[in-house]
Structure formats: C-alpha cells, structure tokens
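Participant:
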Ligand code: SF4
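Protein chains in written order, with the working numbering: chain A, 424 to 708; chain B, 267 to 428.
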C-alpha cells in the first residue's frame, strides 16, 4: 500500500519545485505591483546566502526545534506522497508546526513570542477544516489511505465542493499569504518585526525556508487530491489555485487575528459541515 | 559560492535624519527603482540583515542603539552611511547633542555623499558594499581576521541608563 518511490521523489524534488514556485511567486507579485522583480531563482540565492552566514543562535535548543520542524514537515509530505494515512498526515503537519512554535518560544523576545502566539491561533483556525477534509474524503471513498483515494473513479471536488472551498480558505493561512500573514510577514516590520522567524538567523532561517518549500509542494499535492480522477484537470486546478493565492495575497491587507480565526471557523462551519451533512444524508438514502 | 552578493538583505536605521535621506531610501523600493530586482529586501530585523544602512547624524541618545543593532547582525556584515549627516554629522555637526557621523560608533564601510543622497547613488553605494561583503566572507573562510577597530565613542558607558 505504501510505496517508497514517490516519497523518495518528493524528498528529492520538492525543494527544487517549491523553491521555483516561490521564485515565480515573487516574480508574479512584482509584476502585479508594476515592478520587474527578482529572478525566479532568487529564493535559492537567499537560502544559499543564509547558509553562508554566521550561525548565531540565541540558545542551544533552538537548532533542535528547527531540525525537528524540518524532519516532521518532510515526513508529512513523504507520507502523503507514499500513499499513507491522510489522518496521520494531517496530524504530522500539526506536529511540525508545533516545533516551529516551540522554536519561536525558545528565544526570549517579545516579537517572536507574539509571532508564536499568532501561529498557534492560526493552527487553531485551520486545523478543523484540515481534519474535516480528511473525514469528507473518507466518507466518499471509504478509505483514509491516499493510495486508495487516488483510485476513486470520480472527481472528489464534485462531491465535496464545500470542503474544497473551506480548504482553499485555510490554504491562504498555511501559505502565509495576505490577508492571513499574521504570524510572520515581509511587510509587518513595525508590528511584529518578522514574527515567528524573528529570532532565527543564518542556517537556521535557511532550513525554515526550505521547510516552507516542502510544505508548499505538499499542500498543492493536497489540492491535487480533490481532482485526482483526472490528472490533467488536477494539474490545471493546482496552477489556478496557486495563481489565485498570489492574487489574493496582492489584493488584501493583513487582518487581525480575531477575524482570521472567526472567518475561518465560520466558513468551515457553514460550507464544510453542510457538505458533510448532505453527503451523510445521500449515503444513508 | 557568492550567494551573498545576490541576496543582500538590509536593515535601515534612522539615526537623526531630517527624513530627506529616508525618503530617498524608500524611493529605491518603489517600482521606479525596484531594488528587489537585485534581491535586496528591507528586512527591518537585524538578525536577518547583511547590510546596515544608517541615515542621519548620530546623537548622544542613540549611539548605543546603533551599536546594539550592529552587534545583533550575524557576520559577515557591512555598514553603509547614507547622506552627509551620516558621513560626518553634516549641517548638524555643531549641535550640542550630536556626536558626529556613524563612524563615531561603528566601523563604516561605504559612505554615500549627498544631501539628500540620490536613489542612484544609494544603489551605487549598496553595490559597492556588496563587493566588501564578499571580501569579508572570503576573508572569514580563509581564516584571515579582518577586524576593524571599534571607535572609541562606542566603548564609553551609556549616559542616563539607555
Ligand atoms: S544628509 Fe541632508 S537630507 Fe540627508 S538627513 Fe542629512 S540633512 Fe537630511
């Protein structure tokens, strides 16, 4: 059931694809703002630079948390692409996130603490819809295993439109895009400096950046799952979703955390739960 | 590899500038000049920064702040003083509260003249700084110490418990 080859491909290629995607992200963003923007390889230069810098750590535990964050994020993606259990994937992702938060708490700095608090609030906001996505997919396909879900003959998005919408809403949080870039942002110097990543520098920050690339590829893989019955449609959907996120990022201002949590829960409650109830009813009848 | 030159992140500190130079630095980030083309990002966080950009003359209140920001930046790092105020104190040099240029407190690598410095010359100064940054990195890799003397003013005791 679990196949190691796709997992290996993921571990090897995800940083390349993720880095390129964030390079494209910056290029497209610059064009949307009427600028030329950096080369699409800029994220690789940035990470290369970070690994060239002095390894300044605020204390001995920080590095442990960063490495754990990296390992569990890679594990999450690898398990997903290996065709593993979707529920386990969702919880492993949360575990990775918790290590990042612990790393931010390890430093004695108000900015990093505020960032960590907000990161936790974000986890709280998107976690219900992540779990409901897994549940919804199980109700349709009868399995939590990604390898079985892929074999389902119908487009999941047709039966789970509400869940998919809710997932898209939460995706903006996971990708740290405006309006939900409340825990760390390139544009919030006066507010939180750099939020969760304030106290990380040099190689540690570089590793966090690489971990974000892994997460990006995993999340786009999750989007693909909703269209898995038709490969071509799936790839088109992933591209559209990615561009949509960039568009949302560039047209929205950062909101307060209250609105982020409330709106995500409201969307989850309304569209996802209604979707599940209707589905349960249809299955019973 | 010289990734350092391709991805310089800056932190900008306004010592006691009249705001003229600050506006010109911000102009560099606008679509007109768009320094992000070169991978330059204004981070606002000393721990992520490679280039310390200071505008305005240093006064008695903030020289410890400047020293503190400088110390928080991981090596290799360079300092660019923007405008005549940051270079020497400029027109404020004789003021009772002004210590002088930035080099009174921390070692400066590049001086960008002008009042206010034009965006073109600011970009030029940053590009010069990139060369020095790379030199410092190779020196560190080769194990050659390129220690710069810390100016005397920086080692004085803070007045008024700043
Ligand atoms: S150099 Fe001129 S423009 Fe710049 S801070 Fe000094 S007085 Fe203002």
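The C-beta atom is built at its ideal place from N, Cα and C for all residues, glycine as well.
Whole alpha helix (DSSP H) runs in the stretch 558-644 of chain A with 4 or more residues, listed along the chain?
Facilitator: 569-572, 579-582, 584-597, 612-615
Participant: Would residue 677 of chain A count as contacting chain B if we go by Cβ distances under 8 Å?
Facilitator: no
Participant: Is any heavy atom of the ligand SF4 found at a distance shorter than 7 Å from the C-beta of residue 347 of chain B?
Facilitator: no
Participant: Hey, out of A:555, A:532, A:497, A:580, whose CA is closest to residue 647 of chain A's CA?
Facilitator: A:580
Participant: Along chain A, in chain order, which residues have C-beta atoms closer than 9 Å to that of residue 297 of chain B?
Facilitator: 453, 456, 457, 458, 459
Participant: Can you grab the Cα-Cα spacing for the pair residue 675 of chain A / residue 601 of chain A, in whole Å?
Facilitator: 6 Å
Participant: Closest Cβ-Cβ distance between residue 681 of chain A and chain B: below 8 Å?
Facilitator: no
Participant: Would you identify the three-state DSSP class for residue 528 of chain A, choosing helix, strand or coil?
Facilitator: helix
Participant: When you compare only the Cα positions, how much space is there between residue 682 of chain A and residue 689 of chain A?
Facilitator: 10 Å
Participant: Answer yes or no: does any C-beta atom of chain A fall closer than 8 Å to that of residue 311 of chain B?
Facilitator: yes
Participant: Answer yes or no: do residue 510 of chain A and residue 567 of chain A have a C-beta to C-beta separation smaller than 8 Å?
Facilitator: Going by C-beta atoms, residue 510 of chain A is nearer than 8 Å to residue 567 of chain A.
Participant: Classify residue 697 of chain A: buried if its beta carbon has 16 or more other beta carbons within 10 angstroms, exposed otherwise.
Facilitator: exposed
Participant: Taking Cβ-Cβ distances shorter than 7 Å, what residues in chain A pair up with residue 269 of chain B?
Facilitator: Near residue 269 of chain B (Cβ distances below 7 Å), the residues of chain A are 468, 471, 472, 475.
Participant: Assuming residue 624 of chain A and residue 313 of chain B are in contact, meaning their beta carbons sit under 8 Å apart, how far apart are those beta carbons, in whole angstroms?
Facilitator: 4 Å
Participant: So, is the C-beta of residue 409 of chain B closer than 8 Å to a C-beta in chain A?
Facilitator: no
Participant: Return helix, strand or coil for residue 280 of chain B, following the three-state DSSP convention.
Facilitator: strand
Participant: Name the residue from A:494, A:599, A:521 whose alpha carbon lies nearest to the alpha carbon of residue 642 of chain A.
Facilitator: It is A:599 whose Cα lies nearest to the Cα of residue 642 of chain A.
Participant: Quick one: give me the first and last residue of the alpha helix (DSSP H) that residue 306 of chain B is part of.
Facilitator: Careful: residue 306 of chain B lies outside any alpha helix (DSSP H) and carries neither H nor E.
Participant: Rounded to whole angstroms, how far is the Cβ of residue 282 of chain B from the Cβ of residue 325 of chain B, which I believe are closer than 8 Å?
Facilitator: 5 Å
Participant: Roughly how many whole angstroms lie between the Cα atoms of residue 701 of chain A and residue 576 of chain A?
Facilitator: 20 Å
Participant: Shorter than 8 Å from the beta carbon of residue 397 of chain A to some beta carbon of chain B?
Facilitator: An answer regarding residue 397 of chain A cannot be provided, because it is not within the stretch 424 to 708 covered by chain A.
Participant: Taking a contact to mean a Cβ-Cβ separation below 8 Å, would you say residue 489 of chain A touches residue 639 of chain A in this structure?
Facilitator: no
Participant: Helix or strand or just coil, what does DSSP make of residue 377 of chain B?
Facilitator: strand
Participant: Identify whether residue 426 of chain A lies in helix, strand or coil by the three-state DSSP scheme.
Facilitator: coil
Participant: Using C-beta distances below 7 Å, list every residue in its chain close to residue 590 of chain A, excluding the 5 sequence neighbours before and after it, in chain order.
Facilitator: 552, 556
Participant: By DSSP's criteria, residue 554 of chain A is part of a beta bridge. Which residues make up the other side?
Facilitator: In DSSP, residue 554 of chain A forms no bridge with anything.
Participant: Can you determine whether any heavy atom of the ligand SF4 sits closer than 7 Å to the C-beta of residue 350 of chain B, and answer yes or no?
Facilitator: yes
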